[in-house]
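So for the sequence shown, numbering that gives the first Met the number 0 puts the first residue at 0; every next one is plus one.
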Amino acid sequence: MKSPFLPVILGILVGLWCAEACAWFVYRIIFLMNFYDPNSMTAPLELKPEELVGEWERMSLERLIIRNNFTFKQIFVRSYDGYRFETSWNRWWVEKLSQGGFRLHLEGARNYASIPSELAERGAFYPAIPEAGIPEMPILFWDPFAKELVEMPHKLILQIRFLSSGELILHHLSPLRETIFVGEGAIYRKQSGDENK
């Protein structure tokens, strides 16, 4: 026998999750976005893997340490509650896109920039809702440069771009189709190029 309260409880849970996601999205827009013109970002014509080697940082919250042996480490620290996530030395590789440009694949890394932490911890999957018969589903991310949807199950994929200043950056993809997530909150900047890290 089904409980008459199950639809109400399910509705409340979905409503709370939606409210949290909306609050997080507003926070991201207000506090993390210093806008760049995405048209001023260009793809490298050629890329040597050693150009990516070194330490990269995103807004003093997150570091990527990329080694020349095709391993990396992601370190994320949230100051307001002390939350910390650190990968082991996982594999990285570069995808050359047919329409030009490159994407960096970081196996086992999490996307803390463009989705809420709870979804990042799930490996970029929406949770299943067994009561409603809804299975766990991967989040689709929009690559505004390649103009395509991308899945990132249990990994992080970043676009490799140049700013108009000539600086090489790693750029997050957006979780919303045809939305361009740009600004300091979406960009990793290279801090050092020490290949011995």
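Don't be surprised by glycine CBs; every beta carbon is placed ideally from N, CA and C.
### Task
Check E45 in the structure and name its three-state DSSP category.
Walking along the sequence shown from the start, residue 45 turns up at place 46. It is coil, neither helix nor strand.
#### Entry: Proximal residues to R188 (C-beta, below 8 Å), its chain only, five neighbours per side dropped
Numbered from 1 along the sequence shown, position 189 holds the residue referred to as residue 188. Answer for R188: W55, E56, R57, E166 and I168, listed in chain order.
### Task
Please classify N68: is it buried, with 16 or more other beta-carbons within 10 angstroms of its beta-carbon, or exposed?
Within the sequence shown, numbered from 1, the residue matching residue 68 stands at position 69. Burial state of N68 is exposed, judged by a 10 Å Cβ sphere holding fewer than 16 other Cβ atoms.
### Task
Mind reading off the beta-carbon distance from W91 to I128? Whole number of angstroms is fine, and I expect it under 8 Å.
The count along the sequence shown starts at 1 and reaches residue 91 at position 92. The count along the sequence shown starts at 1 and reaches residue 128 at position 129. Between I128 and W91 the Cβ distance is about 34 Å, and since that is not below 8 Å, they are no contact.
### Query
Is it the case that the Cβ atoms of P152 and G122 are separated by a distance below 8 Å?
Taking the sequence shown and counting its residues from 1, one reaches residue 152 at position 153. Taking the sequence shown and counting its residues from 1, one reaches residue 122 at position 123. Contact check for P152 against G122 passes: the beta carbons are separated by less than 8 Å.
### Task
Label F34 either buried or exposed according to how many other C-beta atoms from any shown protein chain fall within 10 Å of its C-beta, with 16 as the threshold for buried.
Along the sequence shown, one-based indexing puts residue 34 at 35. No answer about F34 holds up, because its pLDDT of 45 lies below 50 and its placement is not dependable.
### Message
Considering only their Cβ atoms, is the gap separating L103 from L157 smaller than 8 Å?
### Response
Residue mapping note: residue 157 aligns to position 158 of the sequence shown, counting from 1. Residue mapping note: residue 103 aligns to position 104 of the sequence shown, counting from 1. Judged by their CB atoms, L157 and L103 are nearer to each other than the 8 Å cut-off.
### Query
So is I186 buried or exposed if we call it buried at 16+ other beta carbons inside 10 Å?
Translated into positions along the sequence shown, residue 186 becomes position 187. Buried: at least 16 other Cβ atoms inside 10 Å.
### Query
Smallest Cα separation from S113: which of A145, L155, F84 and E130?
The residue given as residue 113 occupies position 114 in the sequence shown. Just measuring C-alpha positions, the residue of A145, L155, F84 and E130 sitting nearest S113 is L155.
### Query
Can you give the Cα-Cα distance for S116 and E94, rounded to whole angstroms?
Along the sequence shown, one-based indexing puts residue 116 at 117. Along the sequence shown, one-based indexing puts residue 94 at 95. In this structure, the CA atom of S116 is about 26 Å from the CA atom of E94.
### First and last residue of the uninterrupted beta strand (DSSP E) at E166
In the sequence shown, the residue the question calls residue 166 occupies position 167. First-last for E166: undefined, no H or E at that position.
### Query
Whose C-alpha, out of E130, A131, G132 and A119, is nearest the C-alpha of L139?
By 1-based counting over the sequence shown, the position of residue 139 is 140. Taking only the C-alpha atoms, the option nearest L139 is A119.
### Query
Nearest CA to the CA of L252: which residue from R77, F124 and G100?
The structure shown does not extend to residue 252, since the chain spans only 0 to 196, so no value can be given for it.
### Task
Determine which residues share a DSSP beta bridge with L83 and list them.
Within the sequence shown, numbered from 1, the residue matching residue 83 stands at position 84. Note that residue 83 is Arg in the sequence shown here, rather than Leu. DSSP lists V76 as partners of R83.
### Task
Going by CA-CA distance only, name the one from E130, A145, K146 and F124 that's closest to P137.
Along the sequence shown, read from residue 1 onward, the residue named residue 137 stands at position 138. Of all alpha-carbon atoms in E130, A145, K146 and F124, the one lying nearest the alpha-carbon of P137 is that of F124.
### Task
Work out the CA separation of N110 and R77 for me, nearest whole Å.
The residue you call residue 77 lines up with position 78 of the sequence shown. The residue you call residue 110 lines up with position 111 of the sequence shown. Approximately 13 Å, taken between the alpha carbons.
### Task
Compute the Euclidean distance between the alpha carbons of E211 and E150, then round it to the nearest angstrom.
In the structure displayed, the chain extends from 0 to 196; residue 211 sits before or after that span and is not available.
### Query
Between L96 and G81, what straight-line distance do the alpha-carbon atoms span, to the nearest angstrom?
Locating residue 96 in the sequence shown gives position 97, where the first residue counts as 1. Locating residue 81 in the sequence shown gives position 82, where the first residue counts as 1. So the two alpha carbons sit approximately 38 Å from each other.
### Query
Which residue comes first and which comes last in the alpha helix (DSSP H) that contains L118?
Taking the sequence shown and counting its residues from 1, the one referred to as residue 118 is at position 119. Element bounds for L118: S116 to E120.
#### Entry: Under the three-state DSSP convention, the category G132 falls into
The residue labelled residue 132 in the question sits at position 133 within the sequence shown. When DSSP states are grouped into helix, strand and coil, G132 belongs to the coil group.
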